[in-house]
Amino acid sequence: MRSLLALGLLGAIVGAPAVLAGCGGGGAGRTGGQITVLQTNFPDYLDPALSYTVDGWEPLTQVYPGLLSFVHASGAAGAKVRPALADALPRISADGRTYSLRLRKRINFSDGTPIRASDFKHSIERVLATDSQGVGLGYTNIVGAEQFGKTKTGGITGIVVNDATGDIAIHLVKPRGSFTYELAIPFAAVVPASTPSKNQTPHPPPGAGRYAIKNVEQGRGYSLVRNAHFSPGLVGTTVDVAKVNGINVKINSSISAQVTQIANNQADFMIDNPTADRAGEVRSKYTGKRYREFPTTSTYYFFMNTEAPPFDKLAVRQAVNWALDFDAINRIQAGFLAKTHGILPSQIPGYEPSPDLYPGPNLQKAQQLIAQAGAKGAQVTVWSDNQDPTPQTMAYYTDLLNRIGLKAKLKSIAAQTYFATIGDRSLKAQTGWSNWTEDYPHPADFIDVLLNPDNVVAVNNNNLSYNASDRGFASRINAVAAKPLNSQTEQEWAALDRYAQQQAYWAIYGTRKQSTFFSDRMNFQDCKGDDWPLATHDWGRFCLK
Amino acid sequence: MVPEPTPQFAFEPSPAVPGVAATEGRPIEGIGPGRAAWRRLRRNRVAMASLAVFLAIVVCCLAAPLWADQVAHVGPEENNLTGKFERGGKQLYVVTPPPQTKPVGPGWSGRYLLGADKNGRDEMVRLLYGGRNSLFVGFTAALITTVIAVILGLLGGYFRGRTDVVVRTIFDVIWSFPVLLLGIALGTALSVGGLHVGPIDIQGGSLWIPILVIGIIFVPYLGRPIRGQVLSLREKDFVEAAMAQGDGPLRIMFGELLPNLASTILVFGTLIVANNILTEAALSFLGAGVQLPAPSWGNMIGEGVGLLSTAPHLTIVPGLAITLTVLALNVFGDGLRDALDPRARVRLR
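If you read the protein sequences in the order shown, they are chains A and B. So in our numbering, the last spot in the first sequence is 546, and the numbers never skip. So in our numbering, the last spot in the second sequence is 331, and the numbers never skip.
And the structure:
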């Protein structure tokens, strides 16, 4: 998932000071009360089949569980997949192509309607029928899904359900090691089979979570209220998490005004980071009492197109890596970066704390490499979007490329069209900014999605290195991506990460940090509810003092 | 028949007549309208002070490379995020490290006299270079506006009929769009792909994009009054005389009519430059004008807005530069109008 506002989605996995189990509203912190949450933008959708932003996933994960779910906990514990509406984790066939699950007994939606196996089938079909961005996340690997996506008729033949027994069998076209994770994210959330296959944001369908969405006022706000018909069969499960009785969400486009409101206890929580000019003040006044920062599971980098000179030369790509100065970029980004040098963030399985291959900044070495590559004076267009702090970051990057001997100029375009533009292979965008924040904590979500040479396509590329000619790399990624995650495959992913660093496909400059800023009414010590892998902040664990 | 003698005039001008000196007892030398206007303009102290301010700004901006090389020792696009510099015997961060990450403010030192921006670039250097860009865009766009407006105005006013309908339609179409929205739409569209029409090949991000955009959107602003004036002038005797002599349309338009439009063009031109500087600032502020990292006063304000409370100099400094320049040009433009058309002031009274 890409983030234009540089919002860290799907937070960190390790390093949390306390792991909160969070089941049944248990743990420290009182239950009850109402809180006010501030968002800068109204969610892209309040529909689990369509939403693909942190603004959407933070509320939706409280409302719409799937067959499986991530544990409501901070750090590593929150990265574990557990049964939610299913009674157990899937049984995977020996060939890795069939997933078998069964629904729990006595489960229903928030309107009291019983949940049936066919509801799950319809929910996945809605993702394809609505041409959701979630389509790319493995669901087209279900037998018949590709065809259904084109025709929108006939259903997905690869999902076989039995409403009488609650049995569900999912048949895949080819083994996919990350599919269990893909069943635990909002796109695979279960909604009633009667839900139309179109955007339901004005009237979100019922879910089976602890909360239900009410009072939607497009562009202004909405509320999460306790689910009055919470399933008896889900009590005590990973779904059963809620402390406050109600969450009133208000949209306020001014982040600076949000900071003021939180500081003055007029609202209780804001999902975005404070603006650059308020960050210092908030840090100095509230850190440890009402404010903290944590690294998200994201990677921010400058891509270099290996199909476009001079970045077709390894030495040029390495030179850029040698020249980068993390401290410089971190100052532009108001201190909201954490240093990293690998493709995989430190929280993702497969991450290996290997030494940095390019421990810069070393301009002299970079200049030497450029000279050796015969690329001195080579024309480079640096692509940027126009949303702060990207233009400033890219102005730094452009200046840096000029200092190491290239002849760079900056090209800034609208943020809304940025990724579509640079993702057009025919444009041959040489270099620019990109980022990736996990959809789920699995190495395939980074290395397979962003660097697999087989994923170089004509338009809407996620693989901005355009390394289509690296066939050996493609074979290795495809082989490991088919296997389930274990200690062996984690090592294989780590090796692929090292290889990508050696090839200097990216110049990585860090991981985005996310903040938690509470009002004085909130229980900051016991109920931070942040650092949650699935959606950064877990509103179900928020509580009042 | 004896021809009547040519009358000899020898009068004493009234000292109250502006631009004409008192010459007791002897004939005076006539002066041209240009000199008379210049004399009137010189007497308008406010206008002359405005001109001086404006010229000072232009000279300062032209001297930008000198300041950058000799005083600041950095270029306008050179980042210095992790560096330090000396001010008042102390070593200061150009941009403080986290948790504050605040750029240094103005102070008495050659380097960072007006402080630094978010990227650690010298604000004074960027202000001067930004001024060059803003003024260049303002003047060049005004030139384009003037050339197109004069040609269209002359054609429409002289030929009338269908030609005039076409010219009026062009003006109406351009003015049917809100100026800023049209500028943003064109600027945004062209800043990505550039402009490639026949021999015209302008890359996206070039200064010529905002110049062309601004130059075109203000054509009716000047074109309409010129057309109106040409319609009126065309009925005058001197035009009919020229026609009777056999002069062609081109000669009449550019030889007879254009000189009579000079004062209108001059006055409007001055005001258009000021307008263009404001428009450029607005477009650049919105990201549709001068493209970063090249500085302009507008995009400097845009970059500074995010740090308004901790580094207000980033918005105040370029904002003041725009205010001062536009005010100077407008006041001077008013003075110029009064000088070129003294009756206008009388009529107003």
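Beta carbons: idealized from backbone N, C-alpha and C, even for Gly. In this text, all values refer to a predicted model and were calculated from it rather than measured experimentally.
Positions along the region 291 to 323 of chain B whose CB lies within less than 8 Å of some CB in chain A:
Correct list: SER291, THR292, ALA293.
Taking only runs of the beta strand (DSSP E) that begin and end inside the region 51 to 103 of chain B, which ones reach a length of at least 3 residues, in chain order?
Runs found: 66 to 69, 72 to 75.
For the candidate residues A:GLN369, A:TRP494, A:GLY34, A:THR62, whose alpha-carbon lies nearest to that of GLY210 (chain A)?
Selected option, being the one with the closest Cα: A:THR62.
Cutoff 8 Å: THR128 (chain B) Cβ touching any chain E Cβ:
Absent from the structure is chain E; the protein chains it does hold are A and B.
Can you tell me the Cβ-Cβ gap for ALA335 (chain A) and VAL381 (chain A), rounded? I've got them flagged as a contact below 8 Å.
Not a contact, Cβ separation roughly 27 Å.
Any beta carbon from chain B within less than 8 Å of LYS410 (chain A)'s own beta carbon?
Closer than 8 Å to the CB of LYS410 (chain A) there is at least one CB belonging to chain B.
Of all the CB atoms in chain B, is at least one closer than 8 Å to the CB of LEU11 (chain A)?
A caution first: LEU11 (chain A) carries a pLDDT of 36, below 50, which makes its placement in the model too unreliable to give a value.
Check the Cβ-Cβ distances between GLY186 (chain B) and every residue of chain A, and say whether any is below 8 Å.
Chain A has a Cβ within less than 8 Å of the Cβ of GLY186 (chain B).
Please state whether DSSP places TYR46 (chain A) in a helix, a strand or coil.
Here TYR46 (chain A) sits in coil by DSSP.
Would you mind giving the Cβ-Cβ distance between GLY234 (chain A) and ARG105 (chain A), rounded to the nearest angstrom? I have them listed as a contact below 8 Å.
Yes, they are in contact, since the Cβ atoms of GLY234 (chain A) and ARG105 (chain A) sit about 5 Å apart, within 8 Å.
Taking the beta carbon of PHE220 (chain B) as the centre, do at least 16 other beta carbons fall within 10 Å, making it buried, or is it exposed?
By the 10 Å Cβ count, PHE220 (chain B) comes out exposed.
Kindly provide the ranges of any alpha helix (DSSP H) runs that are 4 or more residues long and lie completely inside the region 172 to 242 of chain B, ordered along the chain.
If one requires a minimum length of 4 residues, the alpha helix (DSSP H) runs lying completely within the region 172 to 242 of chain B are 190 to 199, 201 to 215, 219 to 226, in chain order.
In chain order, what residues of the same chain lie with their CB nearer than 8 Å to the CB of PRO207 (chain A), ignoring the 5 residues before and after it?
Cβ neighbours of PRO207 (chain A) beyond the five flanking positions: PHE110, SER111, ASP112, THR114, VAL192, PRO193, ALA213.
What does HIS172 (chain A) pair with, by DSSP beta-bridge criteria?
Bridge pairing for HIS172 (chain A): A:THR99 [DSSP].
Under a Cβ-count criterion, where at least 16 other Cβ atoms within 10 Å of its own Cβ denotes burial, should PRO346 (chain A) be classed as buried or exposed?
A residue is called buried when at least 16 other Cβ atoms come within 10 angstroms of its Cβ; PRO346 (chain A) meets this threshold and is buried.
CB-CB under 8 Å to ALA87 (chain A), same chain, minus the five flanking residues each way: which ones, in chain order?
The beta carbon of ALA87 (chain A) sits closer than 8 Å to those of LEU68, LEU69, LEU102, ARG103, LEU104, ARG105, ILE169, all from its chain and outside the five residues before and after it, given in chain order.
For TRP507 (chain A), count neighbouring C-beta atoms within 10 Å of its own C-beta (all shown protein chains included) and say buried if the count is 16 or more, exposed if not.
It is buried - the Cβ of TRP507 (chain A) has at least 16 other Cβ atoms within 10 Å.
Listed by chain order, chain A residues near VAL77 (chain B) by CB distance under 9 Å
What VAL77 (chain B) touches in chain A: ALA329, ARG332, ILE333.
With a threshold of 8 Å between beta-carbons, can THR64 (chain B) be considered close to chain A, or not?
Using beta-carbon distances, THR64 (chain B) counts as an interface residue toward chain A, with a partner under 8 Å.
If you compare alpha carbons, which of A:SER520, A:SER52, A:VAL55, A:PHE43 is closest to LYS290 (chain A)?
Measuring C-alpha to C-alpha distances from LYS290 (chain A) to each of A:SER520, A:SER52, A:VAL55, A:PHE43 identifies A:SER520 as the nearest.
Neighbourhood of LEU189 (chain B) by C-beta distance below 8 Å, restricted to the same chain and skipping five residues each side
Counting only Cβ-Cβ distances below 8 Å, and skipping sequence neighbours, we find ASN115, PHE118, VAL119, VAL272, ALA276.
Tell me the DSSP bridge mates of ASP386 (chain A)?
Residue pairing by DSSP puts ASP386 (chain A) in a beta bridge opposite A:ILE414.
Would you kindly report the start and end of the unbroken alpha helix (DSSP H) that includes SER116 (chain B)?
Counting along the chain, the alpha helix (DSSP H) containing SER116 (chain B) begins and ends at 105 to 141.
HIS538 (chain A) classed as buried or exposed, judged by whether at least 16 other C-beta atoms fall within 10 angstroms:
Classification for HIS538 (chain A): buried.
For the region 272 to 284 of chain B, which residues have a beta carbon sitting closer than 7 Å to at least one beta carbon of chain A?
Per Cβ criterion, the list reads GLN273, LEU274, PRO275.
Evaluate the contact criterion for the region 246 to 254 of chain A versus the region 35 to 44 of chain A: three or more CB pairs, one atom per stretch, below 8 Å.
Counting Cβ pairs under 8 Å, three or more are found: they touch.
Considering only residues of the same chain and omitting the five flanking positions on each side of PHE141 (chain B), which have a CB-CB separation below 8 Å?
Excluding sequence neighbours, PHE141 (chain B) sits near PRO231.
Please confirm whether GLY281 (chain A) has its beta-carbon closer than 8 Å to some beta-carbon of chain B.
Taking a beta-carbon distance threshold of 8 Å, GLY281 (chain A) counts as an interface residue toward chain B.
Do you know offhand how far GLU294 (chain A)'s Cα is from SER75 (chain A)'s?
The straight-line gap from Cα to Cα measures roughly 13 Å.
I want to verify the contact list: residues of chain B whose CB lies under 7 Å from the CB of GLY336 (chain A), in sequence order.
In chain order: PRO80, PRO81, THR83.
Does the CB of ALA396 (chain A) have a neighbour CB from chain B at under 8 Å?
At least one chain B Cβ lies under 8 Å of ALA396 (chain A).
Hey, how far is the Cα of GLY269 (chain B) from the Cα of GLY176 (chain B)?
Answer to the nearest angstrom: the Cα atoms are 15 Å apart.
Quick one: which residues of the region 195 to 227 of chain A get their C-beta closer than 7 Å to a C-beta of chain B? List them in chain order.
The residues in question: there are none.
In its own chain, which residues sit with a C-beta less than 8 Å from the C-beta of ARG233 (chain B), not counting the 5 before and 5 after it?
Contacts found: ALA224.
Which one or two residues does DSSP pair with TYR223 (chain A) in a beta bridge?
According to DSSP, which records beta bridges pairwise, TYR223 (chain A) is partnered with A:VAL250.
Contact between the region 288 to 306 of chain B and the region 128 to 143 of chain B (3+ Cβ pairs under 8 Å):
Judged by Cβ distances under 8 Å, the region 288 to 306 of chain B makes no contact with the region 128 to 143 of chain B, as fewer than three pairs qualify.
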